[in-house]
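So the structure is just underneath, and the comments pick up after that.
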Amino acid sequence: MQGLHLTADLYQCRCDAVWLTDAGRLGGWCVAAVSDAGLQPVNQLFHTFPATPRGPGGVTATVLLAESHLCVHTWPEERAVTLDVYVCNFGGDHSAKAQALMERLVARFAPEWTERRSLDRGDGAG
Numbered sequence: 004m005q006g007l008h009l010t011a012d013l014y015q016c017r018c019d020a021v022w023l024t025d026a027g028r029l030g031g032w033c034v035a036a037v038s039d040a041g042l043q044p045v046n047q048l049f050h051t052f053p054a055t056p057r058g059p060g061g062v063t064a065t066v067l068l069a070e071s072h073l074c075v076h077t078w079p080e081e082r083a084v085t086l087d088v089y090v091c092n093f094g095g096d097h098s099a100k101a102q103a104l105m106e107r108l109v110a111r112f113a114p115e116w117t118e119r120r121s122l123d124r125g126d127g128a129g
């Protein structure tokens, strides 16, 4: 088992607010971004949380991939987003596709700054 797990925490996102609050719009865009990156979506779930006294509810968008998953969580009241892209590299190395997908996701939200992490998973013994 081998894989690559990428995460990013996005702060002060400058995108249109709809990208932080509209599950259908964000989810549809995520499925297209996955396909454009050369990965294979196999299922999805998009959910908008109810508004709170602090503002509109955020969104969770999850796309299950043949290669593993993409998950996006938004906090519109803080203009923040967390991203999680994980690919298993069983049938081939999908690392470059995962990195391209992450770059596209970050660009969509236009954050003022990000904190990124990358984790190689598995023992490499194949």
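Just so you know, we're using my numbering here: the sequence shown kicks off at 4 and counts up by one. Where a beta carbon is used, it is the ideal one built from N, C-alpha and C, also for glycine. Since this is a predicted model, take the numbers as computed values, not measurements.
1. Between A64 and L108, what straight-line distance do the alpha-carbon atoms span, to the nearest angstrom?
2. Starting from W32, follow its DSSP beta bridges and name the residues at the other end.
3. Measuring alpha carbon to alpha carbon, tell me which residue in A83, L86, S71 is nearest D96.
4. Could you pull the DSSP bridge partners for E121 from this structure?
5. Please state whether the Cβ-Cβ distance between L9 and L122 is less than 9 Å.
6. Going by DSSP, name the residue or residues bridged to D87.
7. In angstroms with no decimal places, state the Cα-to-Cα distance between H50 and A36.
8. Look up T65 in the DSSP assignment and give the residues it is bridged to.
9. I'd like to know whether the C-beta atoms of P79 and P59 end up nearer to each other than 9 Å.
10. Which residue or residues does DSSP assign as beta-bridge partners of G58?
11. Using the Cβ count rule (16 or more neighbours within 10 Å means buried), how would you classify V45?
12. Whole angstroms are fine: how far does the CA of G6 sit from the CA of F112?
Quick answer:
1. Rounded to the nearest angstrom, the two C-alpha atoms are 12 Å apart.
2. Answer is none; W32 lacks a bridge partner.
3. Selected option, being the one with the closest Cα: S71.
4. It should be pointed out that residue 121 corresponds to Ser in this sequence rather than to Glu. DSSP lists L9 as the bridge partner or partners of S121.
5. If you check the CB distance, L9 and L122 come in under 9 Å.
6. Beta-bridge partners of D87 (DSSP): T10, C74.
7. Distance between the alpha carbons of H50 and A36: 18 Å.
8. Answer by DSSP bridge pairing, in chain order: L48, C74.
9. Cβ atoms of P79 and P59: closer than 9 Å.
10. The bridge partners DSSP lists for G58 are T55.
11. V45 is exposed by the Cβ-count criterion.
12. Cα to Cα, the separation comes out at about 25 Å.
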